[in-house]
Amino acid sequence: MLDVVLWLIAAYALALAAFPLCYTLLPNLRDRGASIAMPFGIITVGYASWILSVLRVVPSTQVTVVILLLLMAGVSAWIVRCNWREIAEFIVREWKTLALGQVVFLGVFSVWITYRFYDPSINHTEQPMDFMFLNSTARSMLGTPEDAWLRGDGISYYYFGYWNFALLTKLTGIISSVTYNLSLALVPAMAATGMYGLVSNLVRADRAKVKTAVLTGMVAALILVFLANLEGVLEFMRANGMGSNGFWSWIGVQGLTAPAGSLTQEWWPTENWWWWRATRVIGSFDAGMQTDYTIHEFPAFSYVLGDLHPHVMSVPFVVMFLGFLWNFWRGPSVWSWSDWRSYLSLFVIAFLLGGLGFTNMWDLPVFGLVFLLIAALKVYRSGKTRIRDLVLETAPLALLVGVVAFILYSPYFLTFTSQVGGIGALSGPGTRSLHLVLVWAPYIVAMAPFVVVVYSRTTIREDWTRTTLYAVAAGFLPFMVWVPLHINGGGDPAGIIGRFIQVLPLALLVTLAAYATLWLIGEGKASEGMIFVMALATLGLALMMGPELLFVDDSFGGAHERMNTVFKLYYQAWTILAAATGFVIYYWIKLTRETKDSSRLLLRFWGVAFVLVLVGALYYTPAAIASKAELYGEDRTLDGLQHVERFVGPEYRAIEYIRENVGNDSAILEAVGGGYSEHGRIASSTGVPTVLNWPGHEMQWRGSSTPFAGREQDVQTIYQTLDISEAVSLLDKYDVDYVYIGARERTKYGDAGLGKFAQFMTPVFSEADVVIYRR
Numbered sequence: 005m006l007d008v009v010l011w012l013i014a015a016y017a018l019a020l021a022a023f024p025l026c027y028t029l030l031p032n033l034r035d036r037g038a039s040i041a042m043p044f045g046i047i048t049v050g051y052a053s054w055i056l057s058v059l060r061v062v063p064s065t066q067v068t069v070v071i072l073l074l075l076m077a078g079v080s081a082w083i084v085r086c087n088w089r090e091i092a093e094f095i096v097r098e099w100k101t102l103a104l105g106q107v108v109f110l111g112v113f114s115v116w117i118t119y120r121f122y123d124p125s126i127n128h129t130e131q132p133m134d135f136m137f138l139n140s141t142a143r144s145m146l147g148t149p150e151d152a153w154l155r156g157d158g159i160s161y162y163y164f165g166y167w168n169f170a171l172l173t174k175l176t177g178i179i180s181s182v183t184y185n186l187s188l189a190l191v192p193a194m195a196a197t198g199m200y201g202l203v204s205n206l207v208r209a210d211r212a213k214v215k216t217a218v219l220t221g222m223v224a225a226l227i228l229v230f231l232a233n234l235e236g237v238l239e240f241m242r243a244n245g246m247g248s249n250g251f252w253s254w255i256g257v258q259g260l261t262a263p264a265g266s267l268t269q270e271w272w273p274t275e276n277w278w279w280w281r282a283t284r285v286i287g288s289f290d291a292g293m294q295t296d297y298t299i300h301e302f303p304a305f306s307y308v309l310g311d312l313h314p315h316v317m318s319v320p321f322v323v324m325f326l327g328f329l330w331n332f333w334r335g336p337s338v339w340s341w342s343d344w345r346s347y348l349s350l351f352v353i354a355f356l357l358g359g360l361g362f363t364n365m366w367d368l369p370v371f372g373l374v375f376l377l378i379a380a381l382k383v384y385r386s387g388k389t390r391i392r393d394l395v396l397e398t399a400p401l402a403l404l405v406g407v408v409a410f411i412l413y414s415p416y417f418l419t420f421t422s423q424v425g426g427i428g429a430l431s432g433p434g435t436r437s438l439h440l441v442l443v444w445a446p447y448i449v450a451m452a453p454f455v456v457v458v459y460s461r462t463t464i465r466e467d468w469t470r471t472t473l474y475a476v477a478a479g480f481l482p483f484m485v486w487v488p489l490h491i492n493g494g495g496d497p498a499g500i501i502g503r504f505i506q507v508l509p510l511a512l513l514v515t516l517a518a519y520a521t522l523w524l525i526g527e528g529k530a531s532e533g534m535i536f537v538m539a540l541a542t543l544g545l546a547l548m549m550g551p552e553l554l555f556v557d558d559s560f561g562g563a564h565e566r567m568n569t570v571f572k573l574y575y576q577a578w579t580i581l582a583a584a585t586g587f588v589i590y591y592w593i594k595l596t597r598e599t600k601d602s603s604r605l606l607l608r609f610w611g612v613a614f615v616l617v618l619v620g621a622l623y624y625t626p627a628a629i630a631s632k633a634e635l636y637g638e639d640r641t642l643d644g645l646q647h648v649e650r651f652v653g654p655e656y657r658a659i660e661y662i663r664e665n666v667g668n669d670s671a672i673l674e675a676v677g678g679g680y681s682e683h684g685r686i687a688s689s690t691g692v693p694t695v696l697n698w699p700g701h702e703m704q705w706r707g708s709s710t711p712f713a714g715r716e717q718d719v720q721t722i723y724q725t726l727d728i729s730e731a732v733s734l735l736d737k738y739d740v741d742y743v744y745i746g747a748r749e750r751t752k753y754g755d756a757g758l759g760k761f762a763q764f765m766t767p768v769f770s771e772a773d774v775v776i777y778r779r
């Protein structure tokens with residue numbers, strides 16, 4: 005519990021030190037950035053420590069982090085001194101909304117940290133990979149962090165999220181096997197708080213009551229971090245013996261077959277890892293062969309699973325970026341060459357956008373597009389509605405932001421190896437309508453009526469032709485791009501009509517949303533919040549539609565060709581649409597109060613439908629938590645390696661020894677093994693690099709096996725050879741000064757060659773069958 009308190013103190017220290025900066029940078033937000041001060045503090049200190057380290061100016065140590073935090077606090081103290089009366093009046097005026105924001109933060113943090121106490125183990129899926137990156141960045145002092153699974157090579161992955169949570173690890177001094185789980189609770193807490201602030205700011209811009217804004221902000225926070233899709237309802241039905249063979253065959257979700265009877269005595273399904281299927285709903289089969297395999301995670305699933313992946317860590321920073329874009333949108337002008345605040349605003353946006361790309365590369369193009377959209381709408385709002393004017397006014401801003409973002413993070417971007425081979429046209433089956441509804445039901449029920457209602461209130465104006473052309477382009481441009489790519493790729497022209505019919509509903513929704521956005525701007529009476537939300541709705545729906553036409557060509561192919569595209573774009577759409585849905589709830593309340601005619605009945609039907617879907621989608625998360633948590637385990641801990649201590653105590657104590665005694669320039673040899681296994685656990689648990697591990701993942705990150713060709717055989721030779729000089733030569737080749745011998749090494753390489761290490765190395769740790777030798 006002391007670790008939790010210390011972690012929160014450090015997080016709040018960063019938030020408090022950053023708030024005056026946010027207050028200055030975000031004058032157009034009613035909460036002045038209080039809800040996003042924590043992620044802003046983390047990314048600011050994180051960037052400073054990273055750039056100083058990677059340029060080999062100052063090592064990234066606890067002392068460095070503390071000094072940087074104090075420097076940020078010093079700047080903020082100066083801001084407070086210069087504006088203390090204004091800030092004091094702000095706090096007195098807004099203290100209730102600020103306090104409720106912290107209720108959201110602490111409430112969400114408490115839920116997920118309690119869950120982590122019951123399910124702390126870092127022992128499945130890609131958790132060891134995440135743990136390796138966390139420890140590699142935490143251990144890094146100068147230069148690019150070394151990949152702990154590839155001795156001598158830097159990390160070839162987007163690692164800024166790991167760096168930032170390693171920063172908190174250094175600041176607090178808590179061991180990383182605990183901060184891994186603390187991070188998994190802090191991420192949703194920051195995301196929920198940011199969403200609360202964003203939506204309440206949007207609603208208050210529509211001159212709504214503070215109470216209404218706070219309520220909708222809280223609901224939006226709930227939606228972001230606890231809402232799931234409707235697959236959980238199907239799991240409940242199946243677990244309780246509902247549904248015929250025909251029904252489950254029609255549903256067509258792999259693993260969901262007709263039950264022989266009730267499968268559980270609890271209120272949740274008890275089948276092992278049943279909750280996994282909620283992210284594998286969309287898929288197609290032909291003659292028993294899978295022709296389309298996708299992943300469509302959502303935040304609540306990620307928090308239950310416990311993988312500290314880039315797309316998971318990025319969510320609070322994405323919400324923060326949306327907050328800064330909201331401030332940018334509310335600014336009085338697009339650009340002023342004579343106003344330093346214009347430069348500062350774009351510099352901060354570039355800084356945050358580059359940080360998003362460094363945290364999760366998939367965020368860079370998507371949220372770069374969001375910025376481009378908002379900038380273009382600002383130009384449009386200024387009266388420059390012709391396409392030529394839009395391009396000439398928006399392009400310099402986009403170029404400036406892009407160049408600054410690249411320069412700020414150039415040590416990373418110049419060395420990052422991308423596996424993207426271009427954009428491909430989807431030729432295989434798309435998503436079944438039923439599956440799309442199962443995955444997106446809460447947002448479809450919220451957004452589709454909202455878009456239609458707002459569009460229905462538009463009127464014909466003299467600029468309707470141009471507005472219509474822009475809107476149709478927004479809705480159908482992806483399809484128009486798909487057609488030539490499909491044909492040039494050898495696709496069947498006969499499939500064009502079928503694909504058009506498939507995407508038509510979403511394309512029409514995007515078109516209507518885009519038209520409504522432009523009409524609201526031209527009308528001049530709509531609130532800025534309404535326009536901003538309609539723009540978000542347009543983009544969110546477009547992200548939903550995109551993977552039905554196009555995919556990013558990466559290292560996956562065949563039935564998996566669009567797997568990553570669906571995965572990443574859906575995750576981003578979830579965050580964007582959560583913000584929009586929060587505002588839609590407010591809009592529904594407002595319409596219901598204002599409407600007196602028969603259409604009020606339709607509004608009530610819309611509200612009831614949304615509530616029913618919302619309740620159904622909220623079942624999944626508590627059920628998954630109850631199912632996955634080790635409710636009857638012997639221990640309650642946040643130590644992610646407690647399972648190692650319980651089942652292989654000598655290995656756990658060897659890890660402790662390495663943490664405490666092995667220097668930053670050292671390396672250790674351990675057995676090489678494939679992904680999703682216990683191999684590489686010594687390196688991943690300590691950050692001390694080994695020659696090679698999880699080679700399949702290394703090949704994904706680097707594009708080929710060339711960087712580690714021959715390493716697996718060399719490791720085998722070191723363990724098995726009886727020739728000491730050969731072993732020494734290979735250890736010298738990889739600059740390895742420690743050798744680990746445990747159960748995995750004995751099983752894979754045998755005992756015959758292990759005795760030689762005692763002849764030229766010193767045993768520094770020995771317990772049971774575990775030995776560590778040092779040269």
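This note's numbering numbers the first residue of the sequence shown as 5 and each following residue consecutively. Using N, Cα and C, we set each Cβ at its ideal position, and we do this for glycine too.
- For residue 293, the pairing in a beta bridge is given by DSSP as 290.
- Secondary structure within the stretch 705-774: the beta strand (DSSP E) runs of 3 or more consecutive residues, fully enclosed, are 742-745 and 766-771 (chain order).
- Rounded to whole angstroms, residue 541 and residue 20 show a C-alpha spacing of 33 Å.
- A direct Cα-to-Cα measurement between residue 662 and residue 109 gives close to 36 Å.
- The distance from the Cβ of residue 631 to that of residue 272 is about 5 Å, consistent with a contact at the 8 Å cut-off.
- Secondary structure at residue 73: helix, using DSSP grouped into helix, strand and coil.
- Bridge partners of residue 555 according to DSSP: 428.
- Ranked by how close their Cα comes to the Cα of residue 554, the residues 619, 15 and 427 have 427 in first place.
- In summary, residue 175 is buried, with 16 or more beta-carbon neighbours lying within 10 Å of its beta-carbon over all protein chains present.
- By the Cβ-count criterion, residue 469 is exposed, with fewer than 16 other Cβ atoms from all chains shown falling within 10 Å of its own Cβ.
- A distance below 6 Å between beta-carbons, with the five flanking residues on each side excluded, links residue 283 to the following residues of its chain, in chain order: 299, 300, 301 and 305.
- Within the stretch 574-640, no run of beta strand (DSSP E) reaches 3 residues while sitting entirely inside it.
- The residues 124, 125 and 639, in chain order, have a CB closer than 7 Å to that of residue 646 in the same chain once the five nearest residues on each side in sequence are set aside.
- Residue state for residue 158 is assigned as strand, using DSSP reduced to three classes.
- Nearest to residue 766 by C-alpha distance, out of 760, 212, 777 and 419, is 777.
- Contact annotation: the stretch 657-671 does not touch the stretch 206-219, with fewer than three C-beta pairs closer than 8 Å.
- Contact annotation: the stretch 732-741 does not touch the stretch 446-455, with fewer than three C-beta pairs closer than 8 Å.
- If you look at residue 397, you'll find it in the alpha helix (DSSP H) that goes 391-412.
- Setting aside the 5 residues that flank it on each side, residue 359 is surrounded in the same chain by 47, 51, 164 and 321, each with a C-beta closer than 7 Å to its C-beta; the list follows chain order.
- Pairing residue 362 with residue 297 gives a Cβ-Cβ distance that is not under 8 Å.
- In this structure, the CA atom of residue 683 is about 15 Å from the CA atom of residue 658.
- When rounded, the separation of the alpha-carbon atoms in residue 604 and residue 596 is 6 Å.
- A straight line joining the alpha-carbon of residue 756 with that of residue 691 spans about 29 Å.
- In this structure, the CA atom of residue 625 is about 20 Å from the CA atom of residue 448.
- Put simply, the backbone Cα of residue 34 is about 28 Å away from that of residue 519.
- Where residue 459 is concerned, the enclosing alpha helix (DSSP H) starts and stops at 437-460.
- Taking 8 Å as the cut-off, the Cβ atoms of residue 745 and residue 719 do not count as close.
- Assigned with DSSP and collapsed to three states, residue 334 falls in helix.
- By the CB criterion at 8 Å, residue 761 and residue 732 fall outside the cutoff.
- Contact annotation: the stretch 569-588 touches the stretch 532-550, with at least three C-beta pairs closer than 8 Å.
- For residue 562, no alpha helix (DSSP H) run applies, since DSSP gives it neither H nor E.
- A distance below 8 Å separates the beta carbons of residue 146 and residue 63.
- In the three-state scheme derived from DSSP, where H, G and I count as helix and E and B as strand, residue 464 is classed as coil.
- Taking the C-beta atoms as reference points, residue 419 is found nearer than 8 Å to residue 158.
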